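Residue 954 in the numbering used here sits at position 172 of the sequence shown, and the numbers go up by one each step.
Quick reminder that beta carbons are idealized off the backbone N, C-alpha and C, glycines included.
Only a predicted model underlies this, so the values are computations on that prediction, with no experimental measurement involved.
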Amino acid sequence: MIIHLIHLNQSFWIPLQTLNNRQNQSWLEICIILILTLICAYMTNILIYVMWKIQKFHLNNRIICTMFLASWYFLMVGLLMVEPFEYGFLQIDDQNRTIHGLEGNELFEVEETLQNCSFLIGSFFIWIYISSIAISTIFFIIERSIATFCFQNYENTKRLWLILLLTILIFVSTMLEVFALMFRFIDFFGGMIETAIIHIILIPIFFYLKYHNKTLHNLLKSGKLKVLNSLTARFQIEENIKFFNIVTTVVICVNVMTSSFLILLFVEFLEIIDQNVVFLFLKYICLLNPLIVIPAVLYSMVEWRYPFLRMIYPCLKNCPQNIAKVNTVATGVMYFQQLDNSWR
């Protein structure tokens, strides 16, 4: 919906469907959203902790991933800031009215108050999350492309300029997207088309990089490809393959959620189901994102799986940690045997 500040003469696109909706006030729903938000925050903390504690990927990759995960915190804080306005516990104007509409030509004029500023800040945080989904995907592919084509020395060569450049570009790109959406330089369908085009371009690149790394791995393993630092190169290629396997798992989860999201939008467009019910499900899809993606990521890697399960189920703390140790030792022995064979 479009909110217009009277004195500033500026309108904003707010990612909400209703405001001041006192008819649907439900403390049960508010409690569910609060509980889910706390669980999402805890799951996000687990992923960040495990990712940095058990470092299976390059520093550049971990920094980009952490920046993406930070957007989930913005989503959680943003939802907590705008939910009171959605259900009418707080109102953006003095008129006792319910405001409906996702986006349209009708402007809802409000005064500039401190309360309304907090509402706009919460909406700004939600747009950060929405924008970072597409932006982070682009830079994940860029970083892994560099890791793929510089596989011989990517792991042991410091490139401080690269991570600084990627960090600045991610921040600037995300902020530009946020302002373009919030200040209505891009409308709803324009944003959907932009996201679709980005993913249509990135999906073939993703599969090419995955295929290219598997080809390099097979060539190195068979001895047909000779490189200067074969052990370093082999580690980097293995890392790339692990990353693309994790991304495949995440893509499956995200595609299921995105498909559900688009189906609900189509249902809302046809007005088959009540709008409030549709947008309630849309909100839960966004909120449940970490609850589905994070376990899928952590369970995709053996080295991360047990620490994740141990943090979820404290009773596992006394169990032996053989899974990760055996895998690490076996991998190390294999690489040193290959190195010894190459010296002979």
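Open item on the list: Does Q837 come out as helix, strand or coil in the three-state DSSP assignment?
Closed with: Coil.
- [ ] Quick one: give me the first and last residue of the beta strand (DSSP E) that I784 is part of.
- [x] Counting along the chain, I784 sits inside the beta strand (DSSP E) bounded by residues I784 to L787.
Task: Bridge-paired residues (DSSP) for F967 - done: Residue pairing by DSSP places F967 opposite no residue, since no beta bridge is assigned to it.
Task: Helix, strand or coil at S793 [DSSP, three-state] - done: If DSSP states are grouped into helix, strand and coil, S793 belongs with the strands.
TODO: Could you name the residues that DSSP lists as bridge partners for L951?
DONE: L951 pairs with nothing; no bridge assigned.
TODO: Please say whether S927 and I952 have beta carbons closer to each other than 8 Å?
DONE: Pairing I952 with S927 gives a Cβ-Cβ distance that is not under 8 Å.
Task: I980 and A916 closer than 8 Å at C-beta - done: I980 places its beta carbon less than 8 Å from that of A916.
Task: Inter-residue CB distance, H840 and E976 (contact presumed, cutoff 8 Å) - done: With 8 Å as the limit, H840 and E976 do not qualify as a contact, their Cβ atoms being about 29 Å apart.
Task: Bridge partners - F890, DSSP secondary structure assignment - done: Partner residues in the beta bridge of F890, as assigned by DSSP, are I785.
TODO: Measure the C-alpha to C-alpha separation of Q1018 and L1080 and round it to an integer number of angstroms.
DONE: Approximately 20 Å, taken between the alpha carbons.
TODO: Work out the CA separation of I1034 and L779 for me, nearest whole Å.
DONE: This structure does not reach residue 779, given that the chain is present from 783 up to 1126, and the question cannot be answered.
TODO: Would you please state the rounded distance, in angstroms, between the beta carbons of K1006 and I1023? I believe it to be under 8 Å.
DONE: Contact doesn't hold; Cβ gap of about 18 Å is too wide.
TODO: Please list the segments of the beta strand (DSSP E) lying wholly inside the segment 818-865, counting only runs of 3 or more residues, in order along the chain.
DONE: With a minimum length of 3 residues, no continuous beta strand (DSSP E) run stays inside the segment 818-865.
Task: contact_flag[the segment 794-802, the segment 960-968] where n(CB pairs < 8 Å) is 3 or more - done: Enough Cβ pairs lie closer than 8 Å, so yes.
- [ ] Compare the Cα-Cα distances from M849 to each of L946, K1065 and I817 and report the closest residue.
- [x] Closest in C-alpha terms to M849, from the list L946, K1065 and I817, comes L946.
Task: Top-ranked residue by Cα proximity to C822, from N791, S793 and Y855 - done: Between C822 and the set N791, S793 and Y855, the nearest pair of CA atoms involves Y855.
Open item on the list: Let me confirm a value: A978 is counted as buried when at least 16 other C-beta atoms fall within 10 Å, else exposed. Which label applies?
Closed with: Here A978 is exposed, its C-beta having fewer than 16 other C-beta atoms within 10 Å.
Task: Check whether L787 and V892 have beta carbons under 8 Å apart - done: Their beta carbons are under 8 Å apart, which means L787 touches V892 by this criterion.
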